[in-house]
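Residue numbers (the numbering used here), protein chains in the order written: chain X, 106 to 219; chain S, 106 to 219.
Notes follow the structure.
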DNA sequence: CAAGAATATTCGATATTTCTAATATACAGA
DNA sequence: TCTGTATATTAGAAATATCGAATATTCTTG
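What follows is the structure, given as structure tokens:
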């Protein structure tokens, strides 16, 4: 109800609203990784990944731990992973529905008289 | 893993990434409402709400049913409501943690010797 | 302290979002 | 068919997000 809560949710969603950042979180889902490891696994520009990590940090979605030369990132709260898992289920459901619609359309083409 | 899935999730999150759109979805959580009812409850510009509804429609998050003069909107899949509910839990947890941190800081101020 | 490695930040250019105001469309009833 | 009501779309301005290139910072090691 309160505007504050809506804004909070919206800000988290905004932080999640980029394919690269989702890829980052999923890579971190099985444990912490250094920024360098993320850059290597994703095959993208160093600055770019660093900027995306900065967005995730700003919303406190990831934690960062400095170890000597490197910085290790991890997902702060597993609830975020639950959200992503829900999204996967949602995706599967949507794809399933789309498939069924196509099947129906096919049937209509085969039996135009009914 | 696949880029497609990441983009799909990101697009949904993007559609959710606005306080007004979250408010709309929560208003629709207990059943369908006309566009006009949403505009009234939210107290915002007609065009603005219509545009936000358009974003939600584009991602197929809401369904719309025309009835005479009006258009009734509803949430297509309750999974989306589950996502919002998870977000609320997440928010509560974050606030709880922030509170604890403040309490610790207070204690440190009271007992500087320890 | 100098040099290299890992990471972060800054700077512009471009693209996307969001808003308000104005206009368009669709429908209902006289 | 004319009028009013409900909703959608368009247009343009301002704000925000994204990217690559360049630069800065921090740490380690010789």
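We put the CB at the ideal spot given by N, CA and C, even for glycine.
Near residue i, which residues of its chain fall below 8 angstroms by C-beta distance, leaving aside the five closest residues on each side in sequence?
i	result
residue 147/S	125, 128, 129, 132, 154
residue 120/S	126, 160, 161, 163, 164, 166
residue 157/S	123, 125, 126, 129
residue 149/X	125
Have a look at residue i and residue j and give me their C-alpha separation to the nearest angstrom.
i	j	result
residue 204/X	residue 174/X	50 angstroms
residue 192/X	residue 169/S	22 angstroms
residue 138/S	residue 183/X	34 angstroms
residue 196/X	residue 187/X	14 angstroms
residue 141/X	residue 108/X	38 angstroms
residue 152/S	residue 145/S	12 angstroms
residue 116/X	residue 112/S	18 angstroms
residue 212/S	residue 202/S	15 angstroms
residue 181/S	residue 143/X	36 angstroms
Spell out the partners DSSP gives residue i in its beta bridges.
i	result
residue 121/X	Looking at the DSSP assignment, residue 121/X forms no beta bridge with any residue, so it has no partner.
residue 180/S	167/S
residue 172/S	175/S
Can you tell me which of the three DSSP states residue i falls into?
i	result
residue 139/X	strand
residue 156/X	helix
residue 192/X	helix
residue 215/S	helix
residue 149/X	coil
Buried or exposed for residue i, please, with buried defined as at least 16 other CB atoms from any protein chain shown within 10 angstroms of its CB.
i	result
residue 198/X	exposed
residue 114/X	buried
residue 200/X	exposed
residue 214/X	exposed
residue 78/S	As displayed, chain S neither begins before 106 nor continues past 219, which places residue 78/S out of reach and without an answer.
Below 6 angstroms CB to CB, which residues in the same chain sit around residue i once its five sequence neighbours on both sides are set aside?
i	result
residue 177/S	137, 139, 170
By Cβ distance below 7 angstroms, which residues in the same chain neighbour residue i in space, the five residues on each side in sequence not counted?
i	result
residue 135/X	none
residue 185/S	130, 166
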